[in-house]
Amino acid sequence: MSGVLRTQLGESARRPSRLLLTGMAVLVASFVVYATVLAQQITRASILDGLSQTPEAAALVVTGKDNGVTTEQLARLARVPGVTAAVGRVDAGGEVNGRGLSLSSDPGSGPLSTVKVTEGHYPARTGELAVTPRTADRMGLRVGTTFQMATTYDEDGRPGKPRSLTVVGVVSVPDDYGQQAYAPQPQISALTGADRVSVVELAVAPGQEAPVRSAAEAIAGAGAGVRPGADVRLDEARAVADDVDDVFSVVAMFVAIALVAAGLVAASTFRIIFAQRTKQLALLRAVGAGRGALVRALIAEGAMTGLATGVVGVLAALGLGHLVPVIAGAFGTDLASPGVPVLPALGVIALAVVGTVLAVLTPAVSASKVSPLEALRTASTSPARKGIGWPRAVIGVLLAGGAGLVAAYVIMNLPTPDQKNYDPQSMLMLVVASGGLAFLALIALGPVLVRPLLAAAGWPLRRLGPLGRLAVGGVGGAPRRAAAVSVVVALGVTLIAGSLVGASSVQALLERETASSAPADFEVTAADTPLDPKLADQVRARKELTHVVPYRKIAAVTVTGSETKLEANDLAMDAVPGIAKLDVKKGTWHGLRPGQVIISGFAGDVSDLKVGDRTTITAGRRSVPVTVAATLPDSAPLGSGLVLTPQDLTTLGAPAGYSGLLADAVRSGDVARNAADAALRQTVTGPGVGVTVLADQRDEIESALSTLLLIAIGLIGLTVLIAVVGVGTTTALSVVERVRESGLLRALGLSRGGLRAMLTAESGLYGVLGALLGLLLGVPYAWLAVSALGQNAPLILPGFRLVAVFVVLVILTALAGVLPARRAARVSPVVALATE
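The opening position of the sequence shown corresponds to residue 411 in the working numbering, with each subsequent residue numbered one higher.
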């Protein structure tokens, strides 16, 4: 055993480059896993700094019993020995030109400040305010502006006497919502007349936390809370970020998939390596090495490979992890340093070793079966096996059958629209289980599936001439190798295709919902009385606004056969461009005529009405007969249950005054939107009249979806990266294995360029096969997952994106074979033919 082990480990030590090449996929996986750990460390710290409202310097946070902490207690807390800074937080607010303005206290400087002055100066006297950039633009509150606002209210919530306030500065803040102003706590307290603050933040000298906490508890009194700032920041960050640990549990799922891909690539690589060393292994058998000794030696070689590549991967990730905050800082983004998590690093290295050992087991057992007589053969490799054997075929068929049965169960139990008590999580888990079984079946049956796919995909290549036929033959000559590499590529493509289809479908669903809830950039509504009918013409006259569409609403209407109270409106849907994305279950909402009605999904459910049905809509003692022109999958525009024509709504008793109106900015972008907002507020002045910026809601939804898609694609890209590395490694090892073949082709007249083109085309074919398999799996399972969500989301196939993924994957896998092909082309035909 020791002699065989020394021989194998010595072979690896003499060729460290081959050792790293063999474990390249494991190296990448180790890098990915440890980089994820570092990313979690960076995110945790950065989330606390960026999303928490409590500054990092706040060592303790004091909250009062019921109504906060008194200003007298705040002064006493500031005098406690060991306290280096004490800040009370208090909020107030009021209306400016019909729009709410939030006032928040902040010292403006020092360790406990959360704002930074970018223009003018920070307030120093009562009546002075600093606003955020977006607030200055949206509300017209530039530096030097003086305005009136009530900051006190009586017991009934009615505003008191307006105070004169002046904007003296502009401050940047972590989250700018366009309605924020800041001043020190004494000034805010003076404006409101309150003698209490909501919380007190304390900065404490090092080592003084315990005595300061005791003193703070005594001052705040029984029932008050004194908590470490770190705990408060963590709670705030989790409330805003929806728990970082949950986010990274999803990340861990993608990393686990990448590890599976790395294991598949590593197993395929070891199989090729051991095949290349058939003669050496046969000689060891001939001199007395047993199969068990050979297996243990090869496993030890795999462990050595895992150790080396794991260490390199961890060190590379550590270097990148500390470089990212520096690069981000150069672009104005502050990220925390990840530090050096030692235990996770050791765990990743151990995982690399264990994973490599598991990957090498099957190839090692197969290699140990080599006959000693193989040492007498002139070739150094044995012919590639093309079959899979009946046990593997049976397992593959059983796995495929299991995947089909689980998928069939999900299909038969898909939710109906608005089904009650539906649990999408369990159904999604079944979709994942079916997909996992299908992928395992793909691994088992891959060599069999590769042949028909290669016949179809290679047909155009064979038409190009001898080089194309040689490339197709090179891939088809080793179907097991082609399947092993293509399956890893297929895994990445499956995930990407599924994410793209799922994201497109969810985006269509969100666009459908926002077309109903936020169909325009702005909405003007009145609290109690209807809007003046002349207001629509006044708004249309403003050049900053377009698509001005007024509407009326009437509540508590019913349809025949249902007692459920519904809301109806007469919005001219064809006149609102944003509603164009609103789809229908049946019928059409375009060109609505008197005597017709559009009903929401809920209204259709409670009334059991369908397109073409006749019904009567009743409001009090008034009624109107209508025909259903269209049924919507969700709510009707503006959250109503029914949409009627103005004539029919008037018949039901709707007043002449408008309930509200919709309008768009003439152009997209913040500048045009701010100008339109200002123009609208100048025009619709009046008690109880408010302007809502619906576009902000739309932008927030679209931004969140885009961010999630980018994160998902980035994480899935890890699997694709490993797949591309696997293609490059396989091509490189294939070049070594086929040196004599390359030399023979060169001797027969094939040029260096021709040889390079042939080997590069072979690498590209791995991408073609993998992309085809990935699309065949990814699209159906994406549809199943979208349907299992139970949100009535439509299935959207982003054809251009899917084609782009296919093309990019083929290009990447072809590029992965460029360097090995160049190396093969540089070998002299004479040297190549002399190689055993």
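Ideal placement from N, C-alpha and C gives every residue a C-beta, glycine not left out.
Is the distance from the Cβ of residue i to the Cβ of residue j below 9 Å?
i       : j       : result
Gln597  : Arg637  : no
Ile989  : Pro929  : yes
Leu1183 : Leu717  : no
Ser515  : Pro594  : yes
Asn823  : Met839  : no
Ala1013 : Leu1059 : no
Val490  : Ala626  : yes
Arg548  : Asp1087 : yes
Val614  : Val493  : yes
Arg1263 : Ser778  : No answer is possible for residue 1263: the residues shown for the chain start at 411 and end at 1246.
Ala978  : Leu1052 : yes
Pro801  : Leu708  : no
Thr545  : Ala676  : no
Val1103 : Arg1077 : no
Ser1173 : Ala1224 : yes
Glu611  : Leu551  : no
Val1135 : Ala727  : no
Leu644  : Tyr592  : no
Leu1194 : Val916  : no
Leu981  : Val1099 : no
So residue i and residue j are supposed to be a Cβ contact under 8 Å. How far apart are they, rounded?
i       : j       : result
Val471  : Val607  : Wrong, their Cβ atoms sit about 12 Å apart, outside the cutoff.
Tyr1176 : Val899  : 6 Å
Val1189 : Leu1207 : 7 Å
Ala769  : Gly673  : 5 Å
Ala1040 : Thr998  : 6 Å
Tyr1178 : Val1220 : First, the amino acid is wrong: residue 1178 is Val here, not Tyr. About 6 Å; that satisfies the 8 Å criterion.
Gly537  : Leu575  : 6 Å
Val1021 : Val1007 : Contact flag wrong, Cβ pair sits at about 11 Å.
Leu1229 : Val438  : Not really, about 16 Å apart at Cβ, beyond 8 Å.
Leu847  : Val816  : 7 Å
Val577  : Thr555  : 5 Å
Gly1164 : Gly1227 : That pair is no contact at about 14 Å.
Ala1263 : Gly639  : An answer regarding residue 1263 cannot be provided, because it is not within the stretch 411 to 1246 covered by the chain.
Gly845  : Val1196 : About 13 Å; that fails the 8 Å criterion.
Leaving aside the five residues before and after residue i along the sequence, list all residues of the same chain whose C-beta is less than 7 Å from its C-beta, in chain order.
i       : result
Leu871  : Gly878, Ala881, Val882 and Ala1171
Pro889  : Lys796, Pro857, Val860 and Arg861
Met411  : Residue confidence is low: Met411 scores 44 on pLDDT, short of 50, so the model does not pin down where it sits. Its coordinate-derived value is still stated next. So the qualifying residues of the chain are Ala703 and Arg706.
Val763  : Ala713, Gly716, Leu717 and Gly720
Gly503  : Gly510, Leu511, Ser512 and Leu513
Lys991  : Glu921, Arg922 and Ala925
Gln1057 : Pro1004
Ala1167 : Leu877
Ala1155 : Going by the sequence as given, residue 1155 is Leu instead of Ala. Counting only Cβ-Cβ distances below 7 Å, and skipping sequence neighbours, we find Leu1165.
Could you name the residues of the same chain whose beta carbon sits closer than 6 Å to that of residue i, not counting the 5 residues immediately before and after it, in chain order?
i       : result
Asp566  : At Asp566, the pLDDT of 49 sits below 50, so the modelled position is not reliable; the number obtained from the coordinates is stated separately. Cβ within range, chain order: n/a, list empty.
Ala789  : Only weak support exists for where Ala789 lies, its pLDDT of 48 falling under 50; the value from the coordinates is given anyway. Cβ within range, chain order: n/a, list empty.
Ala918  : Pro1204 and Ile1206
Thr904  : Gly1184, Leu1187 and Gly1188
Val1215 : Ile906
Leu910  : Pro1208 and Arg1211
Gln463  : Glu646
Ser1033 : Thr1026
Using a Cβ-Cβ cut-off of 9 Å, state whether residue i counts as contacting chain D.
i      : result
Leu725 : Absent from the structure is chain D; it holds one protein chain and no more.
Which residues in the same chain have their Cβ closer than 8 Å to the Cβ of residue i, if we skip the five residues on either side of it in sequence?
i       : result
Glu529  : Val553, Gly579 and Val580
Ser1101 : First, the residue type needs correcting, since residue 1101 is Val and not Ser in the sequence shown. Excluding positions up to five away in sequence, the list reads Gly508, Arg509, Phe932, Glu933, Val934, Asp1087, Leu1090, Arg1091 and Val1094.
Ala1181 : Val899, Ala900, Val903, Val1215, Phe1216, Leu1219 and Val1220
Asp586  : Thr542, Pro543, Arg544 and Thr545
Gln589  : Arg509, Gly510, Leu511, Ser512, Thr545, Arg548 and Met549
Pro751  : Val447, Leu448 and Gln451
If you scan the stretch 911–937 from start to end, which runs of the beta strand (DSSP E) of 3 or more residues do you find wholly inside it? 932–936
Any chance the stretch 622–636 sits against the stretch 479–487, with 3 or more Cβ pairs inside 8 Å? yes
Return the chain-ordered ranges of every alpha helix (DSSP H) run that is complete within the stretch 787–873 and spans a minimum of 4 residues. You should have 800–822, 834–867 and 869–872.
Inspect the CB distances between the stretch 1015–1033 and the stretch 1062–1082 and report whether three or more fall short of 8 Å. yes
Three or more C-beta pairs closer than 8 Å, one from the stretch 1032–1046 and one from the stretch 907–927: is that the case here? Taking 8 Å as the limit for Cβ pairs, the verdict is that the stretch 907–927 does touch the stretch 1032–1046.
Decide if the stretch 1071–1079 is in contact with the stretch 995–1009; the criterion is three or more beta carbon pairs, one per stretch, under 8 Å apart. no
Run through the stretch 1040–1116 for me and flag every whole alpha helix (DSSP H) of 4 or more residues, listed as ranges in chain order. 1056–1061 and 1080–1093
Contact the stretch 805–814 vs the stretch 746–756: 3+ CB pairs below 8 Å: no
Continuous beta strand (DSSP E) assignments of at least 3 residues falling wholly in the stretch 507–538: List check, beta strand (DSSP E) in window: 509–515 and 526–530.
Entirely within the stretch 970–1027 and at least 3 residues each: give me those beta strand (DSSP E) ranges in chain order. 976–979 and 1006–1009
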